[in-house]
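J.: Number 511 marks the last residue of the sequence shown (the numbering used here); no jumps. Quick one: this structure, given as C-alpha cells, is what I'll be asking you about.
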Amino acid sequence: QLDGWLNRRNPDQRPGAPITVLQLRPVEVVSAEALQLPLWGGVGEEDRLRARRALVRVQGLLGPDAVKVPVLSG
Numbered sequence: 438q439l440d441g442w443l444n445r446r447n448p449d450q451r452p453g454a455p456i457t458v459l460q461l462r463p464v465e466v467v468s469a470e471a472l473q474l475p476l477w478g479g480v481g482e483e484d485r486l487r488a489r490r491a492l493v494r495v496q497g498l499l500g501p502d503a504v505k506v507p508v509l510s511g
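Given below as C-alpha cells:
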C-alpha cells in the first residue's frame, strides 16, 4: 500500500515530502509452524474475507484500475 501511495500514476497526487517515520503494526499474527491456509476454495465467510484482503493488497500495489475482476487460476 505504501508503494502504491508513493508511486501513484498521477505525479500531482504523490507526496511532496519524504517519509520521516514509518510505524508497522501487525494486524494478523500467526505462529511460524502454522498451516498455510488456502486463498481460494474455502466456503466460509473468513475465507471470503481473506480473499478480499488479498485483492485489496494487489490493488494497493498496482493501483485501483489495475485489478477490476479477480479470476481464479493456477
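Quick reminder that beta carbons are idealized off the backbone N, C-alpha and C, glycines included.
Which one of Arg462, Val467, Arg489 and Gly497 has the shortest CA to CA distance from Val508?
T.: Mapped onto the sequence shown, residue 508 falls at position 71. It is Arg489.
J.: Contact between the region 447 to 457 and the region 491 to 507 is defined here as three or more beta-carbon pairs at a separation below 8 angstroms; is this criterion met?
T.: No: the two stretches stay apart, fewer than three of their Cβ pairs being nearer than 8 angstroms.
J.: Which one of Asp440, Val467 and Val466 has the shortest CA to CA distance from Leu459?
T.: In the sequence shown, the residue the question calls residue 459 occupies position 22. Nearest option by C-alpha distance: Asp440.
J.: In this structure, how does DSSP classify Val508 when only helix, strand and coil are distinguished?
T.: Counting from one through the sequence shown, the residue named residue 508 turns up at place 71. Val508: coil per DSSP, three-state reduction.
J.: Spatial neighbours of Pro452 within its chain, please: C-beta separation below 8 angstroms, excluding the five flanking residues on both sides.
T.: As a position in the sequence shown, residue 452 is number 15, starting the count at 1. Counting only Cβ-Cβ distances below 8 angstroms, and skipping sequence neighbours, we find Trp442 and Leu443.
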